[in-house]
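Following: one structure in structure tokens, then a few remarks.
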Amino acid sequence: MRKRNTHISSKPWSPDARDRLRFDFVTSCLCVRAVVSCRPSVKVLSPEDGKQSIVQAAQQLCRSVENRERSSRDISVSMLDLLLRESKSVPDPELVVKFGPVNSTLGFLPWHIRLTEFISLPSHRDVSYEDLLGVLRRFGSCQQRLGQ
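Positions 65 to 212 (our numbering) are the ones given, in order, by the sequence shown.
Now the structure itself:
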């Protein structure tokens, strides 16, 4: 059993950062990537953020086959994944805060969220500092068993 080492201070953001964060909650999800001995990075994403990247990666693969730079047999999920990672510098999320009653993977590809913790909040409207801190505390107490 592996437990995440996540430290949550009592005031992780300044008051104006909280206002900016509250403004950004109008998109559909919040992703947090925590790295040991570094500050967590917060990326606010919407469902549209990945669709255009997938189209562009597919077009790039098709052009490379058309130009005989690679064979269609060489195209795989891992190759598409590599192209997507090169186009966006968004790491696999460790935490996704989902707003609303609909259960979905929010457009994330399955291999990107295999280790992601999904936590739901009723709505993105009027999300308080305490709501977000509660989500981070819940995430900090998560245990990953990795199939065990």
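A virtual CB, placed ideally from N, CA and C, is assigned to each residue, including glycine. Bear in mind that the values here come from a model prediction, so they are computed numbers and not experimental data.
Report the rounded CA-to-CA distance for Ser192 versus Arg202, giving the unit in angstroms.
Here residue 192 corresponds to residue number 128 of the sequence shown, with the count starting at 1. Here residue 202 corresponds to residue number 138 of the sequence shown, with the count starting at 1. Straight through space, the alpha carbons of Arg202 and Ser192 are spaced by roughly 16 Å.
Length of the line joining the Cα atoms of Leu170 and Lys115
On the sequence shown, residue 170 is found 106 positions in, with the first residue counted as 1. On the sequence shown, residue 115 is found 51 positions in, with the first residue counted as 1. Taken atom to atom, the span from the alpha-carbon of Leu170 to that of Lys115 is near 11 Å.
Inspect the beta-carbon positions of Phe172 and Ser187 and report whether they are closer than 9 Å.
By one-based count along the sequence shown, residue 172 stands at place 108. By one-based count along the sequence shown, residue 187 stands at place 123. With a cutoff of 9 Å on beta-carbon distance, Phe172 and Ser187 are scored as not near each other.
Roughly how many whole angstroms lie between the Cα atoms of Cys206 and Asn131?
For the purposes of this step, residue 206 is taken as the residue at position 142 of the sequence shown. For the purposes of this step, residue 131 is taken as the residue at position 67 of the sequence shown. A straight-line Cα-Cα distance of about 48 Å links Cys206 and Asn131.
Unbroken stretches of the alpha helix (DSSP H), 4 residues or longer, contained in the segment 156-203:
Complete alpha helix (DSSP H) runs here, min 4: none at all.
For Phe89, count neighbouring C-beta atoms within 10 Å of its own C-beta (all shown protein chains included) and say buried if the count is 16 or more, exposed if not.
Here residue 89 refers to the residue found at position 25 of the sequence shown. A caution first: Phe89 carries a pLDDT of 36, below 50, which makes its placement in the model unreliable, though a value can still be read off. Phe89 should be labelled buried.
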